[in-house]
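Numbering (the working numbering), first residue to last: 1162 to 1257.
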Amino acid sequence: IDAAYANSADCKTALLRKAWADACRRFTSPQKAWMIGDTEADILAGQSQNIGTVALTCGIRSHAYLSQYGPDHICEDLVSVTHSLVSGAQITTALR
1162 IDAAYANSAD CKTALLRKAW ADACRRFTSP QKAWMIGDTE ADILAGQSQN IGTVALTCGI
1222 RSHAYLSQYG PDHICEDLVS VTHSLVSGAQ ITTALR
């Protein structure tokens, strides 16, 4: 194991900040990025970097719980979100 990280908003925000800075230098624009995750820490980290957020209810948190954090979208599974992103479709078509 090279590293282990806590599942906290502070830890994920710091990791995302570093990854986002590197990605922006290399090839990514903010309009094309999404933070996808199944916890409030994922949503908060994405929001802290002004990245669109997709909360997944197939993980450890419920729809009701995740909705309290104001993600841009909430989805039941990663497959439909991934398909929408890869195909270039509107992400909202895969979300409920």
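Glycine included, every Cβ here is placed at the ideal spot set by N, Cα and C.
Predicted model only: the values in this text are computed from it and were never measured.
- Pairing residue 1211 with residue 1235, the inter-Cα distance amounts to about 17 Å.
- Of the residues assessed, residue 1182 falls on the exposed side of the cut-off, its CB having fewer than 16 other CB atoms within 10 angstroms.
- Looking only at 1218, 1238, 1180, the smallest Cα-Cα distance to residue 1229 is reached by 1218.
- The DSSP-derived three-state label of residue 1214 is strand.
- Annotated three-state conformation of residue 1236 is strand, per DSSP.
- In the DSSP assignment, residue 1198 falls within the unbroken beta strand (DSSP E) covering 1195 to 1198.
- Scanning 1187, 1177, 1186, 1249 for the CA closest to the CA of residue 1214 turns up 1177.
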